[in-house]
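Novice:
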Amino acid sequence: PLAMILAVKDGLAWLGERKEDPELLRISAEIEGAVIDLLEEGRVLTYDLVGPERAARCSEVGDEVCRKLATRLDRG
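The sequence shown begins at 1 in the numbering used here and counts up one residue at a time.
1) How big is the Cα-Cα spacing for S28 and D10?
2) Judging by CA-CA distance, which residue of G16, A34, P22 and E20 is the nearest neighbour of L6?
3) Using CA coordinates, which residue listed in L38, D63, E23 and C58 is at the minimum distance from G76?
4) How many Å lie between M4 and E20 at the Cα?
5) Report the CB separation of V50 from P1 in whole angstroms; it is logged as a contact under 8 Å.
In structure tokens, the structure reads:
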């Protein structure tokens, strides 16, 4: 799920640059920050990152990124 989320982030960054839209650029940066927060915390990660004993489902990882993104946007 992280690759897809980061692909969306890249798309928003591209569109923000193309349209000179600072809000799209900000949201893109916040998505990246949410993913970085998730990786640094290391609590909710997929099988490929932590192995079978600690792996979360893709939906759990996506939900956690959404929570972290919402927190970042609320602060913003």
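Beta carbons: idealized from backbone N, C-alpha and C, even for Gly.
Specialist: On the basis of the supplied data:
1) Position 28 of the sequence shown, counting from 1, holds the residue named residue 28. Position 10 of the sequence shown, counting from 1, holds the residue named residue 10. Straight-line Cα distance between these residues: approximately 7 Å.
2) Residue 6 sits at position 6 when you count from the first residue of the sequence shown. Minimum Cα distance to L6 is reached at A34.
3) The sequence position of residue 76 within the sequence shown is 76, counting from 1. When each option's Cα is compared against that of G76, the closest is E23.
4) On the sequence shown, residue 4 is found 4 positions in, with the first residue counted as 1. On the sequence shown, residue 20 is found 20 positions in, with the first residue counted as 1. Each residue's Cα considered, the two are about 24 Å apart.
5) On the sequence shown, position 50 is the one that residue 50 refers to. On the sequence shown, position 1 is the one that residue 1 refers to. The pair is not a contact, with the Cβ atoms about 14 Å apart (cut-off 8 Å).
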